[in-house]
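Worksheet: the structure to be examined is printed underneath.
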Amino acid sequence: MDVLSVTPLLLLLSFLGCCAGQNVLPDGPVEAILGKSVTLKTLVDKPVYFFIIWNHNNGSEQTHVATASHTGVKVNDPYIGRVTVNQTNGYLHLEGLLASDNGDYSIQIVTDDGTTTTGDIHLRVLEPVSTVVITPSLTEATEHNSTVVLICAAKGSYLKFAWLMGTKAIVADGKRITLKEEKLSSTLTISGVLRTDLPTPVTCNATNNLESQNSAPFSLIVHYGPDEVSITPPNPPKFLRSKSNFSLSCASPSSPPATFSWYQNQQLLDVTGPVLTLEAIEKLKLDSAVVNFTCRAKNAKTQRAVSSPAVSFAVMEVISGAEVSGPTSVLLAGNSSANLSCKAASGQVQSVRWEQDGVAVSSVARRSFSPDMSSMLISPLQKEDNGEFTCMLTNPINTDSASYRMVVNYGPEAAQVIGDPAVEVDTKVVLTCSAASVPPANFTWKFNGTKTDVKTAQYQIEAARYKNTGMYMCEAHNPVTGKTSTHTHTLSVKEEGALDEGLSDGAIAGIVIAVLIALGAAIALLFFCRQKVPVESPY
Ligand SMILES: *[C@@H]1O[C@H](CO)[C@@H](O)[C@H](O)[C@H]1NC(C)=O
Ligand SMILES: *[C@@H]1O[C@H](CO)[C@@H](O)[C@H](O)[C@H]1NC(C)=O
Ligand SMILES: *[C@@H]1O[C@H](CO)[C@@H](O)[C@H](O)[C@H]1NC(C)=O
Ligand SMILES: *[C@@H]1O[C@H](CO)[C@@H](O)[C@H](O)[C@H]1NC(C)=O
Ligand SMILES: *[C@@H]1O[C@H](CO)[C@@H](O)[C@H](O)[C@H]1NC(C)=O
Ligand SMILES: *[C@@H]1O[C@H](CO)[C@@H](O)[C@H](O)[C@H]1NC(C)=O
Ligand SMILES: *[C@@H]1O[C@H](CO)[C@@H](O)[C@H](O)[C@H]1NC(C)=O
Ligand SMILES: *[C@@H]1O[C@H](CO)[C@@H](O)[C@H](O)[C@H]1NC(C)=O
Ligand SMILES: *[C@@H]1O[C@H](CO)[C@@H](O)[C@H](O)[C@H]1NC(C)=O
Ligand SMILES: *[C@@H]1O[C@H](CO)[C@@H](O)[C@H](O)[C@H]1NC(C)=O
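Here the sequence shown stands for residues 21 to 559, numbered as in the working numbering.
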């Protein structure tokens with residue numbers, strides 16, 4: 021029997037069969053990959069049949085695929101070479117699947133007595149997942165400004181797309197980050213992109229029920245910043261020592277790294293880079309005024325520029341080489357005056373203080389200061405002005421000082437002689453003369469108006485004689501002032517004992533000792549006698 025000739029009959033049967041309502045095929049759909057093969061299985065085990073007929077319906081047209089009978093399998097024209105039907109169980113095996121193989125497959129099992137059982141199942145021929153590619157709208161974005169559109173496109177059918185960062189899925193928030201799914205693509209849109217949106221490379225995963233494929237990773241460069249610009253140290257000392265190891269540095273989060281420029285009181289400096297050294301500042305030859313420094317960070321890609329807070333300080337030179345100048349001539353109390361002036365070889369002096377022998381000098385009647393305190397005029401000089409004058413030059417960085425020794429010549433003032441007015445013969449006599457004087461006075465002595473050889477402050481007589489009685493005049497002479505002062509001391513030499521007022525010291529001491537010894541002896545005797553008394557005499 022010519023199978024082909026019965027095709028219209030079979031088609032009719034298939035139509036009837038469909039109404040019989042018995043499904044000998046499992047529930048679909050069955051999915052298979054384009055170009056691969058698929059076997060449509062029946063639910064009957066070794067059916068007894070006259071014909072098994074497989075038809076394909078692509079949605080608009082039905083086509084006969086193959087018919088199996090005991091004599092053989094007849095495969096319809098377009099399927100020859102790619103279709104077999106197992107005569108034992110009726111399975112339909114399709115190879116080299118085409119997109120046109122999509123659709124409903126139906127089976128009719130017709131027995132010898134004309135009973136027909138039918139079934140149908142849907143076959144989806146899936147195009148394999150391939151060429152998953154991310155196409156970005158841009159590869160370099162500017163934070164906040166750019167809208168980034170990433171399109172992931174793939175070939176395949178029944179595709180689902182997922183956007184991944186590492187293993188984490190990117191989730192759309194529906195506002196800034198949106199996802200739009202289409203049959204063959206997914207579009208990820210990020211508006212006002214942030215550096216945190218895609219910190220690591222992103223991949224797109226396209227899947228269908230049978231296969232999946234990832235795109236190559238895509239990295240988005242997001243340019244950002246400069247953010248807050250910081251300057252270190254944020255609070256430098258108000259005054260900096262000139263030539264010291266100091267620098268300002270500027271930093272700001274930025275991608276690409278920011279470029280820095282520096283401003284002094286809003287004026288651009290010829291310094292670039294994140295560090296402004298004190299050396300560079302000093303080359304600008306600023307005076308000692310306190311000035312502001314700010315740094316400005318600029319990102320060439322984002323075109324943004326941000327300024328740091330201002331820091332301010334003054335650069336000060338260390339005071340050194342302090343020197344006091346004063347009079348070099350001989351100074352006389354009451355007549356001379358002195359102008360002490362103090363200055364430093366280098367450094368800016370902010371205040372001057374004066375001390376005399378460690379005590380602060382204040383402005384009193386004879387002492388007056390120049391307005392800047394750098395010089396002090398003492399007029400007229402007095403003996404109180406003798407001493408060491410120190411001037412202290414101070415600025416916020418250091419203090420330097422220098423001293424001047426002031427010698428004011430004066431005197432001698434009234435001379436004085438210390439010594440006994442009367443001595444006994446043969447005793448030693450020391451007369452000491454003194455008179456306040458700068459320089460120290462030279463002394464000469466006159467006895468009874470006659471010059472002696474003694475030229476020291478002390479006049480000594482080893483053992484007084486009666487002839488030493490008389491007037492001793494001490495003359496104090498200051499060779500610088502040319503002044504002289506005198507004092508006359510009267511000495512009288514008396515006979516031995518003449519000056520005793522009662523007993524001499526030695527005699528008193530002797531008497532005291534004698535009394536003590538006598539007292540001791542008496543006590544000893546008393547104890548001796550008391551020991552004897554209680555003992556009865558044997559006689
Ligand atoms: C169904 O198959 C016929 C013949 O092969 C074809 O002309 C038609 O376009 C197909 N329809 C669909 C929806 O594929
Ligand atoms: C047909 O199916 C039977 C039973 O399932 C099996 O034993 C046999 O090998 C199949 N024949 C072919 C040609 O695949
Ligand atoms: C794609 O995603 C699916 C499900 O999320 C996963 O099973 C599959 O392994 C992924 N494919 C690749 C190539 O990573
Ligand atoms: C300056 O100071 C820095 C850090 O305080 C130090 O690393 C550097 O060696 C110093 N330079 C000099 C010349 O002392
Ligand atoms: C320095 O900065 C402070 C605060 O930023 C400002 O008040 C002051 O006027 C500035 N001084 C100069 C000289 O620019
Ligand atoms: C970013 O946006 C701001 C305001 O929206 C604009 O002023 C600026 O020029 C933009 N920057 C870039 C690099 O497009
Ligand atoms: C004081 O100085 C003046 C001039 O400097 C001089 O003429 C006078 O003699 C001096 N007087 C004394 C007491 O030294
Ligand atoms: C003291 O000396 C200084 C420096 O030589 C000078 O500037 C100043 O005018 C002098 N003062 C007086 C009162 O002469
Ligand atoms: C005064 O005494 C000093 C030493 O004390 C001496 O050098 C000087 O020559 C003396 N002058 C006179 C005028 O005697
Ligand atoms: C010194 O003068 C005193 C009294 O004027 C007199 O008593 C004495 O004898 C005189 N001595 C000599 C050695 O001249």
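Every residue, glycine too, gets a C-beta built ideally from N, C-alpha and C. The structure presented is a predicted model; accordingly, all values stated were derived computationally and were not measured.
Give me the Cβ distance between residue i and residue j, rounded to the nearest whole Å; I'm assuming they're in contact under 8 angstroms.
| i | j | result |
| --- | --- | --- |
| residue 276 | residue 321 | 6 angstroms |
| residue 184 | residue 168 | At roughly 16 angstroms, the Cβ-Cβ gap does not stay under 8 angstroms, so residue 184 and residue 168 are not in contact. |
| residue 408 | residue 423 | 5 angstroms |
| residue 298 | residue 335 | 7 angstroms |
| residue 68 | residue 44 | Wrong, their Cβ atoms sit about 13 angstroms apart, outside the cutoff. |
| residue 294 | residue 280 | 5 angstroms |
| residue 93 | residue 105 | 5 angstroms |
| residue 77 | residue 120 | Not really, about 12 angstroms apart at Cβ, beyond 8 angstroms. |
| residue 328 | residue 270 | 6 angstroms |
| residue 124 | residue 70 | About 23 angstroms separates the two Cβ atoms, so there is no contact after all. |
Excluding the 5 residues preceding and the 5 following residue i in the sequence, name in chain order all residues of the same chain whose CB lies nearer than 6 angstroms to its CB.
| i | result |
| --- | --- |
| residue 371 | 414 |
| residue 210 | 168, 197, 217 |
| residue 164 | 212 |
| residue 36 | Bear in mind that a pLDDT of 43 at residue 36, under 50, signals an unreliable position, so the number given afterwards is only what the model happens to contain. Same-chain partners within the cutoff: there are none. |
| residue 59 | 111, 113 |
| residue 354 | 400 |
| residue 317 | 246, 249, 272, 278, 280, 326 |
| residue 544 | none |
| residue 460 | none |
| residue 283 | 314 |
| residue 260 | 266, 333, 335 |
In its own chain, which residues sit with a C-beta less than 7 angstroms from the C-beta of residue i, not counting the 5 before and 5 after it?
| i | result |
| --- | --- |
| residue 256 | 331, 333 |
| residue 201 | 181 |
| residue 186 | 220 |
| residue 360 | 344, 346, 395, 396, 409, 424 |
| residue 41 | Below a pLDDT of 50, predicted positions are generally treated as unreliable, and residue 41, at 48, falls in that range; no measurement from the model is reported. |
| residue 513 | 443, 445, 484, 485, 486, 488, 489 |
| residue 501 | 352, 429, 430, 431 |
| residue 538 | none |
If you follow the beta strand (DSSP E) that residue i is in, where does it begin and where does it stop?
| i | result |
| --- | --- |
| residue 180 | 180-185 |
| residue 444 | 442-444 |
| residue 318 | 311-319 |
| residue 52 | 50-53 |
| residue 417 | Taken as a continuous stretch (DSSP letters only), residue 417 belongs to no beta strand (DSSP E), as it is neither H nor E. |
| residue 326 | 324-327 |
| residue 72 | 71-77 |
| residue 452 | 449-454 |
| residue 345 | 343-345 |
| residue 348 | That residue, residue 348, is in no beta strand (DSSP E); it is neither H nor E in DSSP. |
| residue 375 | 371-376 |
| residue 406 | Unbroken run through residue 406: none, as it is neither H nor E. |
| residue 201 | 197-201 |
| residue 45 | First-last for residue 45: undefined, no H or E at that position. |
| residue 363 | 358-363 |
Within a Cβ cutoff of 8 angstroms, which residues of the same chain sit near residue i, ignoring the five residues on either side of it in sequence?
| i | result |
| --- | --- |
| residue 102 | 114, 115, 116 |
| residue 161 | 168, 213, 240, 241, 242, 243 |
| residue 534 | none |
| residue 231 | 53, 146, 148, 149, 176 |
| residue 98 | 83 |
| residue 302 | 262, 263, 335 |
| residue 478 | 450, 451, 452, 453 |
| residue 25 | With a pLDDT of only 45 at residue 25, under the threshold of 50, the placement of this residue in the model should not be trusted; the figure read from the coordinates follows. So the list is empty, once near-sequence residues are dropped. |
| residue 236 | 153, 154, 223 |
Between which two residues does the alpha helix (DSSP H) harbouring residue i extend?
| i | result |
| --- | --- |
| residue 298 | 298-303 |
### Message
Residues around ligand 2, please: the ones whose beta-carbon is closer than 5 angstroms to some heavy atom of it, in chain order.
### Response
Listed along the chain, these residues meet the criterion: 106, 108, 109.
### Message
Give the list of continuous beta strand (DSSP E) stretches no shorter than 3 residues that lie fully inside the segment 205-265.
### Response
DSSP runs (the beta strand (DSSP E)) wholly in the segment 205-265: 205-210, 222-227, 232-234, 241-243, 250-252, 259-261.
### Segments of 3+ residues assigned as beta strand (DSSP E) that fall wholly inside the segment 85-169
Segments of the beta strand (DSSP E) lying fully in the segment 85-169: 92-95, 103-105, 112-114, 123-130, 136-146, 150-156, 160-162.
### Task
Considering only heavy atoms of ligand 3, list every residue whose Cβ is less than 6 angstroms from one of them, following chain order.
Here the residues come out as 182, 225, 227, 232, 233, 234.
### Query
Mind listing, in chain order, the residues whose beta carbon lies closer than 7 angstroms to a non-hydrogen atom of ligand 8?
Having a Cβ closer than 7 angstroms to some heavy atom of ligand 8 are 345, 359, 361, 390, 395, 397.
### Query
Curious, which full-length beta strand (DSSP E) runs of at least 3 residues does the segment 464-539 contain?
Runs of the beta strand (DSSP E) inside the segment 464-539: 478-481, 490-497, 504-514.
### Any heavy atom of ligand 10 nearer than 7 angstroms to the CB - residues listed
Taking each Cβ in turn, the ones that pass are 468, 487, 489, 490, 491.
### Task
Closer than 5 angstroms is what we want: which residues have a beta carbon that near any heavy atom of ligand 1? List them in chain order.
Here the residues come out as 78, 79, 80, 81.
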